[in-house]
Structure formats: structure tokens, C-alpha cells
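Trainee: Below are the C-alpha cells for one structure; questions will follow.
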Amino acid sequence: MPLGNELLQYLLTGLTLGGIYALIALGFVTIYTVTGHINFTQGEFVMLGALTSISMIKLGLPMWLAITVAVAIVGIFGAAFERVVIYPARNSSVVTIIIITIGFSVAIRGVALLLWGTQSYPMQPFSSGPPINILGAIMNRQSIWVLLLSIVVVITLFIFFERTVMGKALKACAINRLAASLMGISPQKMSLFCFSLCASIGALAGIFITPITTATYDMGLMLGLKGFVAAVLGGLTNTTGAILGGFLLGILEAMGAGLISSGYKDAISFLILLLVLLNRPEGLLGKPERDRV
Amino acid sequence: MKTKSTKGFLQRNLSIIFFIAIVILIALLIPNPYYLGNFVIIGIFTIVVVGLCLLMGYTGQVSLGHAAFYGLGAYSSALLTAKVGFTPLLAMVIAAVITGIVAFLIGIATLRLKEHYLALATLGSGIIIYIFFNEQVNITGGPSGFSGIPYFSFGSWQFDTERSYYFLVWSFVLLAIIFARNIVSSRIGRALRAIHTSEIAATCMGIPAFQYKVQIFVISAIYASIAGSLYAHYITFMSPSPFGFQASVEFVLMAAIGGLASIWGPLFGVTAVLFLTEFLKTVVPEIMPSAGGEYEIIFFGLILVIVMIFMPEGLVGGIKDYFAKGKIKKLAIKVNQDLAEFPENDLPSDRNKGVQ
């Protein structure tokens, strides 16, 4: 294969990966801006979405219904998680919250292991047919679904934040929680809603990637970490940054895996992260922060 | 005169003497080598977690990559003794130097970052080192590992039984705790706590905050490295799996459960976590007979969450709080009585004005 084709192939693979990373990163960024917490459970929402939808399909539901039910279940789970775990600890230090969310994600992984075991579950692609040939590079049909999903989610979120009362209330909380509560917006309710929303987005990402990668009980760990890396690359407080960060990470990872070594694929993405953090700690699109004394 | 200073020495070191007594008592009371083996692991983890507490509890810097330093120590010791033929003690020192240098390089690069960013940067460094263990197959043997690491020895004195290794490891734990205690109660310790409270204020007081942060990062990495060396000579087989992200998280959890800002906390944290894990491993299969995997992590995670919600200061802090509550009540009553004796206008009224 000529180098140009090869690069195009890696680019397409990277876009698929990037779409998933971007969606997970969106979850991190939305929760961080609205509540000020880093939620390391985000990756487990992805895993729960994927495995729940597979179980629903096994129960005999048609695919669209199985996906809807799975996303709803994970959304409710996200809300319950916020109420039971995050809410009582909301005034704790940053490190405590990080430890709590990591601890809870360990527990979820354990429950998933109990329910689904260690085997990996395949899923039918959403549309059947041979892979599509784009200028000599090959793209799965499912990859197109993933890209479509990320575009649709981003546009929906944009409309939601700009055009609806609920979205604007969330945005107000993100800008200034105290001022928002003075205007009659309850930051606690917003936090609840926000966790539910981000859990659903995570679940969707998990369901759409499953036909390509299959689903296992421990898929959430690496996906969650990569999503967090993407979020930080983009600046952690910036939605556009999260999406860009996601795609950038996906593409660089695919290029690194293809051109350098697939074993070092994850090392490459973390190395990029370190380089960005060292030169621009505020991320690619974030504004530099000054400490207030 | 002499008796007075001896008494003072005893008082200051009461906890240390108590500790030594318990270590010897455990060795006497437990004849079963398998159970003593558990205590060897507790000792090794305690060394790592004491170092981590110096960094996290006292200086306020998060590290989610400490398992990598533990692994660097273990691999360096293992390779130097099994493949180069160094004595274990020399290998341990060289391993500590190598780990120290790596930690220094990572430290000067990442310690300018704060909170989430520092957590992520240390996590990233840890994962990169872990991937190296896996991928450098011609050196480390890759995922399948290598064996043939000799037991620890001083000259002709070989530590090849559980009991002798138990005493070896716990002597190191004792040294680790004494060293950490000396750091914490020294000038450096006060500077570290000042950095924890407010880095900017500390810098204004003339504390070279960044320099101290890098130094304590290197020291805590060397703690992990020495623990790793001890682990390598105990297990005598090396593979990358105990040094991944999961292990880093477990170290942080042990530190947090014990109580981050305490010298004895790590001992309680590690013991509590490892006993709990062993307990769940035996109990969970009886409650859920169909379960056969690592289901104890469910309860492990949940207990961690509960401890962090209700005892954010960890077990040691939580227990202290419980006993302090009564004292605080008494103190509050006393303060109220004292205040009642003062006329109103004598109270300092400019307390909240601060520096103008």
C-alpha cells in the first residue's frame, strides 16, 4: 500500500476512535464545569451501556428498543450514583472525590464481572454490508455510525445548551454556581441532571463502539482514561476543546500504532498528553488560569 | 540527669517501642508460614504507602503512578541480581538510585502542575513505564516475565525462610517509619505542610516550594523502589502485572483509608485493606456459591467509598475525631465560661480585617 493510502487508512481509523473519545471527554467536561468534580466513573458508564444493550438484545428486544432501554437504564443509574455517592461527599476535597469515584468504578466493574463474566460479547453492526472503500482506504460501516453519532450528539448538545431553559440553567451553573443559585437555579438538581445526561452519552458511546471492538466488563477503564486525556488535551472546561481533543487523540493514536508500534500505542497517547501538559497546562483551547490568593 | 533523659527518650519513642513489640509478638504467635507471608506483603506495601503519604498527605501532591516506581525498583533489583550477578544489597541501592533519577526527571517536568492535572500527569508517566515493562521483551521478558531471582542475603546470611524474611522486611518498615517521622517533625516537614496549606503563602515566606516538592517526590519514589526490591527477592519471579495502574490506585486507596497525613496511618490502611481482601476472598464464595472470580472488588470499592464519605481523614483521623469530640465539647464549655468573664468591649474587634 502506498504511504498516502496508508495514512488515509490510519486517519479513518483515528476518526472512529476519536469520535468515541470525544463523546467520553464531553461527559468529563460537562460534569467538571457544572459540578467541579472529576468523575472517574465515566468509563464504567460506557461499559454498562454496551453490556446492558447486549443483554436487552438477548432478551429479544429489537435493536433500537434495546439501545433506548439501555441508555435509559444507564441514565437512571447515573442519577442514582450522583444522589447516593457524590451528593453526600459534594463538599469534600478534590482528592477525596477522585478517590471516591475511582472506588465506585472498581465496585461497578466487580458487579459487571458478576453479571456478565470475563468473556467478550460481540454485537451485530447496525447496518450490514461490505466495508466502504474511500480513495483506496477501507472504512467499516459501523465507523460511519460512530462518526454520525458524535456529530448528532454534539449538535443536540449545542442546541440544548443554547436554546432550552434547562440547558441555559446548566450553563449558568457552569459559569458561576453561586450566581446561578441566586437566580433560582438549584445547583444540586443541575448536578443530578448533569450526571444522568453524561451517563447516557457515555452509554451511547459504548453501544456504538461495541460492534467494532466487542464489549467486556473491563473495557471502561482504558476508555475512561483516554476520555479524560482527551478532555484535558482540550482544556477540561471547554466543550469544543473536548471534541477536538478526542479526535486529535484518536488520530495520533492510530497514526502511532500504524507507523511506530502497536504495542506502544497507549504510551504514545500518554506521551502526547505529557508534552501538552508541560507546555500548555491549560490545554489546547483552555484559557490560562491565574491563582487568586 | 541520666534517668531523666532516658525517660524522655522512652516517652518520645513509645510508639516505636510498642511497634517493635507487636512485630516480635506476631512472629511468635503465628507459627504458620502462610500467614506470616501475608505480613511480609503488608510490610512491603506499608513502605510504599509511607512514602506516598509523605507526598500526598504532608505535601498535598497527588501521585497516581507510584506502582511504576515500585516496579522500577523491583525490575532493577531483579535484573541486576539475576542477570548481572550483583549482590542483592548493592542491587537494591543501585535500583534506588535509578528510580530516584527517573522520579527526579518526572518530578521536575510534572510537579509544576496542580490537582487533576498532576494526577493525570503522574498517571500517564506510570502507564508509560508499565508499557515499557511489557514491551521490552528482550530485557524484561515481557508479559510472561522471568524467574531465577536469588533470595535476599547479607554476605553468607541468607533470608530464605518466611520467618527470616518477615524480620528483614519489618526492619525496613521500622527504618522507613523512623525516617519519615524525622522528616515530618523537622524543618523540612513544616515547610512541606506549609506548601500543602498554600503554596503561594509558603513561597512568600521564602520556602523554595518547587524544590521541596521535587525532593519529596524523589524520596517517596525511593521508598517505593526499596519496597519493590524487597518484593523481587521475596517472590523471586518478575512479571509486569503487579505494577500497573490498578496497583497505583490501590496504593492511593490504602493511603487514603489509613489517613493521608499520618505516619502510622499507612500501617493501618495497608493492614485493613489486605485483611479485608483476604476476608472477602473467603467469605464471598460462601455467600454467593456461584461466584468464582474477583468479586470481592465490589465490596472493596463500596467500603472505600463509604470510608471516604464518612471519614475523609481515613481510619486514623476518623478514630481521632471520635475521641476528640468529647474533648472539643469540654473545651467549648470552658471557652464560653472564659469569655463570660470578659467585658464585651475587650474582645478583639478587628479580627476579620486582615492585613491592610
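Those protein sequence lines, which keep their order, are chains A and B.
Going letter by letter, the first sequence gives residues 1 to 293 in the numbering used here.
Going letter by letter, the second sequence gives residues 1 to 356 in the numbering used here.
Cβ coordinates follow ideal geometry from the N, Cα and C atoms, glycine included.
1. Is any beta-carbon of chain A found at less than 7 Å from that of L280(B)?
2. Give me the Cα-Cα distance between I26(B) and L267(B), rounded to the nearest whole angstrom.
3. Give the range of the beta strand (DSSP E) segment to which M139(A) is assigned.
4. What whole-angstrom Cβ distance do V62(B) and T122(B) have, given they're in contact under 8 Å?
5. In angstroms with no decimal places, state the Cα-to-Cα distance between I98(B) and I127(B).
6. Measure the C-alpha to C-alpha separation of F195(A) and I108(A) and round it to an integer number of angstroms.
7. Expressed to the nearest angstrom, what Euclidean distance is found between the alpha-carbon atoms of P242(B) and G71(B)?
8. The beta strand (DSSP E) with I132(A) in it runs from where to where?
9. Examine chain A for any beta-carbon lying closer than 7 Å to the beta-carbon of M308(B), and answer yes or no.
10. If distances are taken between C-alpha atoms only, which option among G57(B), Y75(B) and I47(B) comes closest to M238(B)?
11. Alpha carbon to alpha carbon, how far is I97(A) from A180(A)?
12. Under a CB-based cut-off of 7 Å, is A109(B) close to chain A?
13. Determine whether the beta carbon atoms of G241(A) and L277(A) lie at a separation below 7 Å.
14. Does G43(B) pass the burial test, meaning 16 or more other C-beta atoms within 10 Å, or should it be called exposed?
15. Can you pull out the residues from the segment 100-121 of chain A whose beta carbon lies closer than 8 Å to at least one beta carbon of chain B?
16. At which residue ranges does the segment 243-297 of chain B contain complete alpha helix (DSSP H) runs of 4 or more residues, listed in the order of the chain?
17. Does any residue of chain A have a CB that is nearer than 7 Å to the CB of E115(B)?
18. C198(A) to K189(A), Cα distance in whole Å?
19. Can you find a C-beta in chain A that's less than 7 Å from the C-beta of P312(B)?
20. Is the shortest distance between the beta-carbon of I178(B) and the beta-carbons of chain A less than 7 Å?
21. If you run the structure through DSSP and keep just helix, strand and coil, what is Y121(A)?
22. Is G69(B) helix, strand or coil when you go by DSSP?
23. Which one or two residues does DSSP pair with A215(A) in a beta bridge?
24. With 7 Å as the threshold, decide whether the Cβ of S92(A) is near any Cβ in chain B.
25. Counting contacts by CB-CB distance shorter than 7 Å, is F81(A) in contact with chain B?
26. Applying the criterion that 16 or more other CB atoms from any shown protein chain within 10 Å of the CB defines a buried residue, is I385(B) buried or exposed?
27. Tell me, please, which residues DSSP counts as bridged to S153(B).
28. Quick one: what does DSSP say I238(B) is sitting in, helix, strand or coil?
29. Would you list the residues sitting across from S147(B) in a DSSP beta bridge?
30. Cutting at 6 Å between CB atoms, please list the residues of its own chain near I57(A), excluding the five before and the five after it.
31. Got a sec: which bits of the segment 226-254 of chain A sit with their beta carbon under 8 Å from any beta carbon on chain B, in order along the chain?
32. Inspect the beta-carbon positions of F69(B) and A232(B) and report whether they are closer than 7 Å.
33. Indicate whether the contact test is met: 3 or more Cβ pairs, each with one atom in the segment 5-14 of chain B and one in the segment 129-139 of chain B, closer than 8 Å.
34. Can you tell me which of the three DSSP states L149(A) falls into?
35. Among L36(B), Y130(B) and Q11(B), whose alpha-carbon lies nearest the alpha-carbon of Y234(B)?
36. Report the residue from D160(B), F323(B), L280(B) and L174(B) whose alpha carbon sits nearest the alpha carbon of N13(B).
Mentor: In brief:
1. No, L280(B) does not count as interfacial toward chain A.
2. Each residue's CA atom was taken as its position, placing I26(B) and L267(B) some 14 Å apart.
3. Segment A137 to M139, the beta strand (DSSP E) holding M139(A).
4. The pair is a contact, with the Cβ atoms about 7 Å apart (cut-off 8 Å).
5. In a straight line, the C-alpha of I98(B) is about 18 Å away from that of I127(B).
6. The alpha-carbon atoms of F195(A) and I108(A) are separated by roughly 16 Å.
7. A direct Cα-to-Cα measurement between P242(B) and G71(B) gives close to 8 Å.
8. For I132(A), the enclosing beta strand (DSSP E) has its first and last residue at I132 to I134.
9. So yes, M308(B) belongs to the interface.
10. Ranking the options by Cα distance to M238(B), first place goes to Y75(B).
11. Distance between the alpha carbons of I97(A) and A180(A) is about 23 Å.
12. Output row for A109(B): interface = yes.
13. It is not a contact, given that the beta carbons lie outside the stated cut-off.
14. G43(B) is buried by the Cβ-count criterion.
15. Of all residues in the segment 100-121 of chain A, I100, I102, G103, F104, S105, V106, A107, I108, R109, G110, V111, L113, L114, G117 and T118 have a Cβ within less than 8 Å of some Cβ in chain B.
16. Runs found: 245-258 and 265-287.
17. Yes, its Cβ sits closer than 7 Å to a Cβ of chain A.
18. Put simply, the backbone Cα of C198(A) is about 14 Å away from that of K189(A).
19. At least one chain A Cβ lies under 7 Å of P312(B).
20. Output row for I178(B): interface = no.
21. Y121(A) falls in the strand class under three-state DSSP.
22. A quick correction: the sequence has Phe, not Gly, at residue 69(B). DSSP places F69(B) in helix when its eight states are reduced to three.
23. Beta-bridge pairing links A215(A) to Y121(A).
24. Taking Cβ atoms only, chain B reaches closer than 7 Å to S92(A), which makes this a yes.
25. So no, F81(A) is outside the interface.
26. Since the first residue of chain B shown is 1 and the last is 356, residue 385(B) is not available in this structure.
27. In the DSSP assignment, S153(B) forms a beta bridge with Q158(B).
28. It is worth fixing the name first, because residue 238(B) is Met in this sequence and not Ile. In this structure, M238(B) counts as strand in the three-state DSSP scheme.
29. For S147(B), which the question treats as bridged, DSSP gives the partners F237(B).
30. Only A66 meet the Cβ criterion.
31. So the close ones are F228, V229, V232 and L236.
32. Not in contact: F69(B) and A232(B) (Cβ atoms no closer than 7 Å).
33. Below 8 Å, too few C-beta pairs join the segment 5-14 of chain B and the segment 129-139 of chain B to call them touching: fewer than three.
34. Per DSSP, reduced to three states, the secondary structure at L149(A) is helical.
35. Nearest in C-alpha terms to Y234(B), of all of L36(B), Y130(B) and Q11(B), is L36(B).
36. Of the candidates D160(B), F323(B), L280(B) and L174(B), L174(B) places its Cα closest to the Cα of N13(B).
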